[in-house]
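Trainee:
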Amino acid sequence: MENLRRPDGDAGQTQAGSGRQLMAWRSLTRTMASGMLALGLLAGCASHNGYQPNYLEGSVWHQARIQIPLNATLVRVRLLDLSRADAPAAVLAEQTLEKPKVFPVPFALCYDRQALKHDGNYAVEAQVYVDGELKLQSRTPVTVNPGMKNGKPAVEVVLIGQ
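Here you go:
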């Protein structure tokens, strides 16, 4: 900062000096506010009531007697909460696999462990798209009990219309 004497005898700063100081102060304030917000968000994630990831692994397979072009295929797998008979199924996890290398297609759904209830009703469903068009899907969702050691679900998909 440049200190100059005003005509009235007071020491002051030039306009350029006070402008730089103001800009530096605003930048520091923004940085501190962003840092405090980030710390608050991190503290929320670390809380014992926060998101607790868990994985449900399985595979999607088919017996269809068709050649599926894997380089144009997309497989979508979902973990559903079917607990409420009076409401549509809630999606708890979803994974989209593009251009799978081979069938059966392995999947690993990441879900929040705390979203599950011991008396809940959960299932996995799958859909297979070829060139953007739905070609195969699970006839019925496969019942699972995530978090328990019940093996890896194998979800069969069948041709649409069968």
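According to my numbering, the sequence shown holds residues 1350 to 1511 in order.
We treat Cβ as the ideally placed atom computed from N, Cα and C, and that holds for glycine.
From a predicted model like this one, the values you see are computed outputs, not experimental measurements.
#1: Where DSSP assigns a beta bridge to H1411, which residues make up the other side?
#2: Please state if the CB of L1419 and the CB of P1453 are separated by a distance shorter than 7 Å.
#3: Return helix, strand or coil for P1418, following the three-state DSSP convention.
#4: Can you check whether the CB of Q1476 is closer than 7 Å to the CB of N1458?
#5: P1502 and V1473 look like a contact to me (Cβ under 8 Å); what is the Cβ gap, rounded to whole Å?
#6: By alpha-carbon positions, which one of A1436, V1409, P1455 and N1403 ends up nearest to N1470?
#7: Checking 7 Å against the spacing of the C-beta atoms, do L1428 and A1439 come in under that value?
#8: Skipping 5 residues on each side, what residues in its chain have a beta carbon closer than 7 Å to that of G1407?
#9: For R1433, which option in L1508, V1507, Y1460 and K1466 has the closest C-alpha, if you only look at C-alpha atoms?
#10: Work out the CA separation of D1461 and L1405 for me, nearest whole Å.
#11: In terms of alpha-carbon separation, which member of D1468, I1417 and V1451 lies closest to G1481?
#12: With respect to 6 Å, is the separation between the Cβ of R1462 and the closest non-hydrogen atom of the ligand ATP below this value?
#13: How long is the line joining the alpha carbons of L1446 and V1491, rounded to whole angstroms?
#14: Terminal residues of the continuous beta strand (DSSP E) containing K1450?
#15: Look at the alpha carbon of N1403 and the alpha carbon of G1510, and state the distance between them as a whole number of angstroms.
Mentor: Result, derived from the coordinates:
#1: Bridge partners of H1411: V1506.
#2: It is not a contact, given that the beta carbons lie outside the stated cut-off.
#3: coil
#4: The identity of residue 1458 in the sequence shown is Leu, whereas the question assumes Asn. Here L1458 is not near Q1476, since their CB atoms are 7 Å or more apart.
#5: 5 Å
#6: A1436
#7: no
#8: F1456, V1473, K1501, P1502, A1503 and V1504
#9: K1466
#10: 11 Å
#11: I1417
#12: The model on display carries no ligand, and the ligand ATP is accordingly not part of it.
#13: 19 Å
#14: That residue, K1450, is in no beta strand (DSSP E); it is neither H nor E in DSSP.
#15: 35 Å
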